[in-house]
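Asker: According to the numbering used here, the sequence shown is numbered sequentially starting from 51.
Glycine included, every Cβ here is placed at the ideal spot set by N, Cα and C.
Below are the structure tokens for one structure; questions will follow.
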Amino acid sequence: METSGAAALHDNEPHHNDIAHRLNWLRAGVLGANDGIVSVAAIVVGVAGVTTDSGPILIAGAAGVVGGAISMALGEYVSVSSQKDSQQALIEKERRELAEQPEEELAELAAIYQGKGLSPETAHTVATELTAHDALGAHLSAELHIDETDIVSPWHAAFASATAFLIGAILPMLAILLPPENIRVPLTFAAVLVALAATGAIGAWIGGGSKLKAAVRVVIGGAAALVATFLIGSWLGASGITT
């Protein structure tokens, strides 16, 4: 009864790998939203420096939203696919080694636990029991820190990245299109910088860093991008190149 109770308690408790996995996804979502805010805001503010007509601003912003979301999804898909291929290759290599040289693999697993501080006898006992329960899982965890059931899907990663970008891109689009022409640019600046401060602080909170420092860094970077694109747009409009 005690063993089954302990097992049930273990199953109900959050595991470190699960928490780390969720935090990584949350961090990636925050970064994707941050990218959507900055990228689209820079585009629409740059166009607003050339013209006050809502049509070109909407077209440029929409193109930035669609192109940016697709680019984010594609980049994440390629990156995670490469990671998945590498993990699967390592899993297959470990599975093959276990089938071809089980005694050597058992000794290797025991050596790993002995290196963590267990006595040779205890390390061998642990390795033997883990091998009897799940040899592949034991080696993947101890040697490679891989969980065979926890490999990220490239499609899920691509969808999450594109969604985060789209969510972030909504703010600058609304801020530049809804207000009157005379306040749309300063209002967009203000809304974007506040949002960037929030995403920077959230990202720092997830990573356990300084929220103030992270917020200041991302606000300075975002402000520099907005100022640069607005000045370039204004210069192009004044120069007559765009007419």
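1. Take Arg-234 and list the residues in its own chain whose beta-carbon comes closer than 6 angstroms to its own, dropping the five residues that flank it on each side.
2. Let's test the definition: count the other Cβ atoms within 10 Å of the Cβ of His-189 and tell me whether it reaches 16, buried, or not, exposed.
3. Residues in the same chain with beta-carbon distance under 7 angstroms from Thr-181, minus the five sequence neighbours each way, listed in chain order, please.
4. Can you check which of these residues, Leu-108, Glu-144, Arg-267 and Val-116, is closest to Leu-194 by C-alpha distance?
5. Sort Leu-224, Val-277, Met-122 and Lys-261 by Cα distance to Ser-104 and report the nearest one.
6. Between the Cα of Gly-218 and those of Val-242, Leu-76 and Val-95, spot the shortest distance and give me the residue it belongs to.
7. Nearest-angstrom Cα distance between Ser-136 and Ala-113?
8. Do you know offhand how far Gly-82's Cα is from Gly-111's?
9. Give the C-beta separation of Gly-287 and Gly-99 to the nearest angstrom, bearing in mind that I take them to be a contact with Cβ-Cβ under 8 angstroms.
10. Does Pro-236 come out as helix, strand or coil in the three-state DSSP assignment?
11. Could you tell me the distance, in whole angstroms, from the CA atom of Glu-231 to the CA atom of Gly-271?
Answerer: Reading it off the structure:
1. Excluding sequence positions up to five before and after Arg-234, its CB lies within less than 6 angstroms of the CB of Ile-226, all in the same chain and listed in chain order.
2. Burial call: buried.
3. Apart from the 5 residues on each side of it in sequence, Thr-181 sits with its Cβ closer than 7 angstroms to the Cβ of Leu-156, Leu-159 and Ala-188 in its chain, given in chain order.
4. By alpha-carbon distance to Leu-194, the top candidate from Leu-108, Glu-144, Arg-267 and Val-116 is Glu-144.
5. Answer by Cα proximity: Leu-224.
6. Among Val-242, Leu-76 and Val-95, the Cα nearest to that of Gly-218 is on Val-242.
7. Near 34 angstroms, if we compare the C-alpha coordinates of Ala-113 and Ser-136.
8. A direct Cα-Cα distance of roughly 17 angstroms separates Gly-82 from Gly-111.
9. About 6 angstroms separates the two Cβ atoms, so the contact holds.
10. It is helical.
11. Rounded to whole angstroms, Glu-231 and Gly-271 show a C-alpha spacing of 25 angstroms.
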